[in-house]
Every structure is written in C-alpha cells, then in structure tokens.
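Numbering (this note's numbering), first residue to last: 551 to 720. Right, one structure below, let's go through it.
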C-alpha cells in the first residue's frame, strides 16, 4: 500500500500544496528565515544552498523501501507566494506528519488547512493512522494537531510529545 502513496498536488480554496522540488529552496529560505521558527525545534534557519541540498535528498526519497516521504510546499493562491511546508513519512498505513508556516503567515489557519488537506489526501490512499511529535508548550502546533483530531499521548520522542488520532493506537 505504501507504494501508492506519493506527493501529488492538492488544492483548497486558499491554498495549493505542491510537491516539493529543489527549485523551491530559494523562496523557502526566505519563508523560513525567521530564527523564531526554531524556538521549539532547535537549530537555525538554513540558507538557500543548504535547503537545496536537503531538498535534493528529500526529493530522492527514503533509502528505506518500506518508507515513503511525501513533502509539499504551501502556496497561497491569492498572494502567489510560498508560505510553508507540510510533510508525511508514510510506513504502511501510518503516517508521521509535520507542518511549518513562515512567521508572516502564521495565525491565519494556513497550517491547519494545509495539514488537514494532506491528511484527507493520504486517507484516500489507504493511510489510516496519523501521529505527530510536538514540543511541550508549543501552543500553535498543539492547536493544529487538535484540529486534525490528534491528541497527546504519554509517549515522548526526543523531547517531544507523541500525538495520535484516538482509536489508532498501535
């Protein structure tokens, strides 16, 4: 079933989720340039060359045959610009999901709309279980996860709390 999962364009009224390409790196370096985005995840913003190298690895796909990496950039239709990313690491019928929206576009429901669209698309491809890992105190990501129907568990992973959609425990 994992073989049928791949990043394809997904549209909503406000957004286009476009499969990640190396060519997105220059614009995404600007979108993700605010050091505040790294408050919870650590690190520093990547430069355009660093993003190009990382995006090339991501586009090449997972080295594990049973794992599919699905990565999208979020394009705002009205503004014609990129605003963030959503991603899913799919293993069989389970996907670990994540999202990031640039600081200027936060607070507009973009992460929720994009992530919900991604989950719905993955469900049509047979994915049934969704998890996310969220840093304690990251209220914005917790709000997105809640809107997706995920709830915190007692499981910790690298300092983050594992969130899972109730009824999909494994």
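Glycine residues also receive a C-beta, built at the ideal position from the N, C-alpha and C atoms.
Using the C-alpha atoms, what's the distance from residue j back to residue i?
i: residue 599; j: residue 608; result: 14 Å
i: residue 716; j: residue 703; result: 9 Å
i: residue 686; j: residue 590; result: 8 Å
i: residue 642; j: residue 689; result: 30 Å
i: residue 578; j: residue 705; result: 32 Å
i: residue 671; j: residue 654; result: 27 Å
i: residue 712; j: residue 630; result: 34 Å
i: residue 582; j: residue 554; result: 30 Å
i: residue 597; j: residue 587; result: 14 Å
i: residue 575; j: residue 559; result: 18 Å
Let me know the secondary structure DSSP gives residue i once reduced to three states.
i: residue 555; result: coil
i: residue 750; result: Any property of residue 750 remains undetermined from this structure, which presents the chain solely from 551 to 720.
i: residue 721; result: This structure cannot settle anything about residue 721, because the visible part of the chain is limited to 551 through 720.
i: residue 641; result: strand
i: residue 562; result: coil
i: residue 653; result: helix
i: residue 614; result: coil
i: residue 596; result: coil
i: residue 720; result: Its pLDDT being 48, under 50, residue 720 is placed unreliably by the model, and nothing is read from it.
i: residue 581; result: helix
i: residue 677; result: coil
i: residue 660; result: helix
i: residue 707; result: strand
i: residue 696; result: helix
i: residue 666; result: helix
Is it right to say residue i is buried, meaning 16 or more other beta carbons lie within 10 angstroms of its own, or is it exposed?
i: residue 661; result: buried
i: residue 708; result: exposed
i: residue 652; result: buried
i: residue 714; result: buried
i: residue 721; result: Residue 721 is absent from the model: the chain starts at 551 and stops at 720.
Is it true that the CB of residue j sits closer than 8 Å to the CB of residue i?
i: residue 649; j: residue 633; result: no
i: residue 556; j: residue 620; result: yes
i: residue 646; j: residue 639; result: yes
i: residue 625; j: residue 566; result: yes
Taking contact to mean at least 3 C-beta pairs separated by less than 8 Å, is the stretch 609-624 in contact with the stretch 571-587? yes
I want to know whether the stretch 673-684 touches the stretch 692-712 - three or more CB-CB distances under 8 Å. yes
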